[in-house]
Every structure is written in structure tokens, then in C-alpha cells.
Amino acid sequence: MEVTAMQPEITVGLDGSPESLSAARWAAHEAQLRGLPVRLLHLWITRPVTAQNIPAEYPQAQAAQHILQDAESDLLKHCPHVPVITELLPADSPAALLPAARNAVLLGLGSQGLGPVQGYLLGSLALHAVARFERPVVLVRACEEPDGTSTPAAQSGAVAIGLSLRSGYEGALGFAFGAAARRGVPLLVVHATTRRPVALRWERPPDESLQQADQRALHEALLPWREKFPAVHVVEHLSHESPARAVVDIAPGAGLLVVGRGGYRTGLGPRIGPVAHAAIHHAACPVAVIPHD
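Mapping of the sequence shown onto the working numbering: position 243 corresponds to residue 237, and the numbering continues sequentially without gaps.
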């Protein structure tokens, strides 16, 4: 398919794993809802060219083409009306994925499933993308079907968002409301309050006026988005857990979990923040990480 240079699209980074194929299926479904094409992008990591290794590159190139062809055939079967673009990109580093996805409204990546420690085995490429890409990144796991095929985990269910009321949350809210509206599902919004419940009998009970202030602040933050998306049923929840614990608690049963990227920086470069870190390591459903405005 031919596209113009600036046409918006949803890009998927493919590596041939069941997880990346699940990410491609999730992206195709999202593209169908948005009326956009999907670009399947596979990086062919090339070695320095020498006379000794040129013949060895040919089987690698053929295997890379097969990854794209197999994924394209799968998407044409599951989402036949979604335009699919394939691209094999020679690169010397996985970091080339981000500039190659510059036209993407979001980037989909696969991530390995739950292991014995119940955590995400997040690859260096996915971590790099989540920390640095200036568009939403959606991480998708795979779940096994009875016939042995893999499909995106937790495709149905409400959209859930862990919301911080610090500045810059509007992008995450806009993404979450839009996702819920396109899917016709409720939106569950959880905000971790700093007002801890009474744990011991002699502790002073929390000031109800402070909790009411938290509830009012959450309601006011959501009000413009409720007006913009009147069809979305919104459920507000204040959690007394830590923000990281709160987002993990709302993930079970969700079809999509939305979190903001913290914007933290260290001497080694940007970090994703503790809430996004918890979500992508412990939530089984697809996780959308949204850079803060």
C-alpha cells in the first residue's frame, strides 16, 4: 500500500515472537476503530559489511521478510478492512525503531508473559521506547488459546486509568476517554489519595473534609472530559494505597490500563516513574503508557 509521508498510522515493532504478533492484532483492532492504517515494522539489525559475512546476511533477510509476511497475512485474516503496510528497516541498533515510527499516533510492542515471579520480562527495546517515545506506547502480552494460537491478553473489559492530579495528566485522560468511547465500555478512574485510613484504634481518624476535597478535585479534573465524551460511563474511585499499588489493583478484568509516564530523569537518562513501572511489570492486560504533557 502506498501512503503519503505524513499520513498518521499505528506502528507495531515486530520481532517474530507471539507477543509481537499479539501486539499487531491489538494494533489492527485499534486502527479499525480509528480508521487508520497499521505499519508493521521489523528492524533488520545488520552487521558490519565484510566479504566474510555478506552471504550470511541473505538467510537473515529472508527470515525477516517471513516475519513481516506472516504477520501481514494474520492481520488480513483477522481485520481484512484495515490497510497494512510492511517495512523491513536495516539498522545498526534497536534504537532506530523510534525515529522510524515518527508518523505513528501510537506504537505497539509485544512483551513477554507472566513468569513464576508474576512480572513483566520487559526487553531493552520496549523499555527504551516507553521511556523516550513522545507518543503513547502500548505493551501487549499474549495468551494461549485452546488451539495453540496466541491472542492479545484481556481484549474486552473496561478501560482503566491510574490518574495523578499533578500537572500534565490531560494527555493520559484524553487517551483513556477516547479509548473507552471507541470501545463503548466504561472508564474506571482511580486516584491514590494521601489520606490514609485509620489502621490503629488510637490513631486520629482522617479529616472528612480533606477526603471530600480529594473527591472534589478528582471530579473537577474529569468534568471537562465527561462533557466532551458524554456517552462514556465513568466510575471514580479514591484509593488509600500507594499510586503504584492502586494501578495494579484495578488492572484485573480491564481491557486496557492507561498510565502516565512520570518524566523522571537521572544521570543515565529518562525513567518511566514508579506507577508506569508497576503497571507494565504486573498488569496482565495491555498497558498504554502516555508521556506527560
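Yeah, the Cβ is synthetic: ideal placement off N, Cα and C, and Gly gets one too.
All of these numbers come straight from a predicted model, not from anything done at the bench.
Spatial neighbours of residue i in its chain, beta-carbon cut-off 6 Å, leaving aside the 5 residues before and after
| i | result |
| --- | --- |
| Y114 | Bear in mind that the predicted position of Y114 carries a pLDDT of just 37, short of 50, making it unreliable; the figure below should be weighed with that in mind. If we look at Y114 and ignore the five residues flanking it on each side, its Cβ neighbours are S105, I274, H275. |
| R195 | Confidence is the limiting factor: at R195 the pLDDT is only 49, short of 50, which leaves the residue's position unreliable and the question unanswerable from this model. |
| A277 | A245, L251 |
Under 8 Å between C-beta atoms of residue i and residue j
| i | j | result |
| --- | --- | --- |
| G254 | I284 | yes |
| L83 | V76 | no |
| S165 | I244 | Looking at the sequence shown, residue 165 is not Ser but Gly. No. |
| V252 | V269 | no |
| A232 | L212 | Looking at the sequence shown, residue 232 is not Ala but Leu. Yes. |
| P88 | L121 | no |
Counterpart residues of residue i in DSSP-defined beta bridges
| i | result |
| --- | --- |
| L34 | V6, T80 |
| V283 | V131, V253 |
| G102 | V6, V132 |
| S289 | Outside the shown range of the chain (-5 to 287) lies residue 289, about which nothing can therefore be said. |
| L181 | V153, V228 |
| A85 | I39 |
Buried/exposed call for residue i, threshold 16 Cβ in 10 Å
| i | result |
| --- | --- |
| R160 | exposed |
| E214 | exposed |
| R210 | exposed |
| S16 | buried |
| G256 | buried |
| A21 | buried |
Rounded distance between the beta-carbons of residue j and residue i, thought under 8 Å
| i | j | result |
| --- | --- | --- |
| R129 | L100 | 6 Å |
| A175 | A225 | 6 Å |
| G10 | I61 | 4 Å |
| I39 | A85 | 6 Å |
| L103 | G7 | 5 Å |
Own chain partners of residue i with C-beta closer than 7 Å, once the 5 adjacent residues on each side are dropped
| i | result |
| --- | --- |
| T44 | Because T44 carries a pLDDT of 49, less than 50, the predicted location of this residue cannot be relied on, and the following value inherits that uncertainty. There are no such residues. |
| S150 | G249 |
Near the ligand GTP: residue i beta-carbon under 7 Å from a heavy atom
| i | result |
| --- | --- |
| L83 | Summarising the ligand content, the structure contains no ligands, and the ligand GTP is consequently not present. |
8 Å Cβ shell around residue i - same chain, five flanking residues per side excluded
| i | result |
| --- | --- |
| T187 | Q205, D208, L232, S233, H234 |
| A98 | P2, E3, I4, T5, R33, R129 |
| F127 | L92, A95, L101, P285 |
| F171 | L181, W219, K222, F223, V226 |
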